[in-house]
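Numbering (our numbering), first residue to last: -2 to 439. Even glycine gets a Cβ: it sits at the ideal position worked out from N, Cα and C.
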């Protein structure tokens, strides 16, 4: 019987996982540079945690089941409710609080390009701060990560505000705001007729639906958004204040990145707990799903724990990131240290080989040690296939002389190095590693 992985999931071989670690390291380092601290959440939560405010659509996509105690639980489909639950249980944390995490999440959705049923997701959240500065910092962190992954110029961040859209929809007579948001969230994923029919199903008349579609389809600058919205719904002090904050946020984001940040009134985010700024990043070619998305969710703390907890954050999955990085040639292994393969001419030198490998590791290199009784030529082939930079050869002559022979696997050059000088040799190779390139591109 042949077994394969479950549909929507993936096997990750070393050549798949090692470049993915670049995403992990880059995002984590960026978050720490911004003052965010690493937390982790359980992989299983009570299903009611998502029923409270994530919306029916998300709950329908969960991998939910009853445990042996009859409790309804689920593999986590997202992280936000979990971190809100965590922070609500700690009264001693001085605000603002900056947290990030990198868990696996699961959603029972139809697998397609850029979407799986299981993936890694980087999350960053800023708790306890309101206003455009906090929103700008979170969007700036997201852009900083993408830029450091080699994607500067390959994406744009599209922003909007749920309060702005709430005022706009109310101003044109929409009654079912939540229903309209659900339809608008799919604006660029459906045909015009499907969109108009969807709005009509929420009680919006056809002419109003057409007016909404026209506004959503236009590229509107931060300077023009108030005029465009007001031309349909009339002047509003609320809209004026929201647009002022959006412009201030946009100005502050420019302190973090040169990548484009644009207004897009069709960005509303599907989850119902968003309360203010919302944003998504897309590839500039417009060929992929959203790279990341997030926004402000000031009411979730009250809903889950009865506390006042202003919050803004984002999530970034690794699946679309991988596709985009492959396209631009940035999907690569980053070598952090020189890699040595310790070869032995005879198994009688195994103990000596282990000792040499230990010295290499202590001196800043990584070492793979031969443990099979194979020919020297077979060992050298393994050294190359393992992606090693150097082969360290131990034979009778080297043992008697108190040294090793080191072959540069790139150039084929060989040098003899005394054991006493081996730590310095390894340290020098480690120091010059960055001059040798960033590693293999996949």
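Judged by their CB atoms, residue 380 and residue 338 are nearer to each other than the 7 Å cut-off. Residue 200 has its alpha-carbon roughly 15 Å from the corresponding atom of residue 210.
Distance from the Cα of residue 332 is smallest, within the candidate group 22, 369, 136 and 5, for 22. Taking the C-beta atoms as reference points, residue 277 is found nearer than 7 Å to residue 290.
Remark: C-beta atoms of residue 96 and residue 72 do not approach each other more closely than 7 Å.
Using a 10 angstroms sphere on the CB of residue 129, the tally of other CB atoms reaches 16 or more, which defines it as buried. Residue 388 places its beta carbon 7 Å or farther from that of residue 371. Between residue 266 and residue 275 the beta-carbon gap is near 4 Å, inside 8 Å, which marks them as a contact. Distance between residue 131 and residue 309, taken at the CA atoms: about 7 Å. With respect to residue 188, residue 233 sits apart: the two C-beta atoms are not nearer than 7 Å.
Inclusion of residue 140 and residue 237 in the CB contact set at 7 Å is not warranted, their separation being larger than that value. Comparing alpha-carbon positions, the option among 183, 197 and 191 lying closest to residue 170 turns out to be 197. Of all C-beta pairs linking the stretch 82 to 102 to the stretch 27 to 43, three or more are shorter than 8 Å, placing the two stretches in contact. Using a 10 angstroms sphere on the CB of residue 6, the tally of other CB atoms stays under 16, which defines it as exposed. With a cutoff of 7 Å on beta-carbon distance, residue 350 and residue 357 are scored as not near each other. The Cβ atoms of residue 414 and residue 401 sit closer than 7 Å to each other. Distance from the CA atom of residue 344 to the CA atom of residue 369, rounded to whole angstroms, is 8 Å.
The beta carbon of residue 321 sits closer than 7 Å to those of 148, 151, 280, 285 and 288, all from its chain and outside the five residues before and after it, given in chain order. Counting C-beta pairs closer than 8 Å gives three or more between the stretch 75 to 83 and the stretch 38 to 50, which meets the contact rule. In the structure shown, residue 71 adopts extended strand secondary structure according to DSSP, grouped into three states. Nearest neighbour of residue 36 by Cα position, chosen from 120, 57, 411 and 167, turns out to be 120. Distance between residue 107 and residue 114, taken at the CA atoms: about 8 Å.
The residue from 304, 161 and 392 with its alpha-carbon nearest to that of residue 347 is 392. Listed in chain order, the non-local C-beta contacts of residue 390 below 6 Å within the same chain comprise 340 and 402, local neighbours out to five positions each way being set aside. Looking at the backbone, the Cα of residue 34 and that of residue 204 are separated by about 50 Å. Per DSSP, reduced to three states, the secondary structure at residue 392 is coil, with no helix or strand assignment. The beta carbon of residue 85 lies closer than 8 Å to those of 298, 301, 302, 304 and 306 in the same chain, with the five residues before and after it left out. In this structure, the beta-carbon distance from residue 229 to residue 208 falls below 7 Å. Shown here, residue 247 sits in a helix according to DSSP, grouped into three states.
Buried is the label assigned to residue 263, since at least 16 other Cβ atoms lie within 10 Å of its Cβ.
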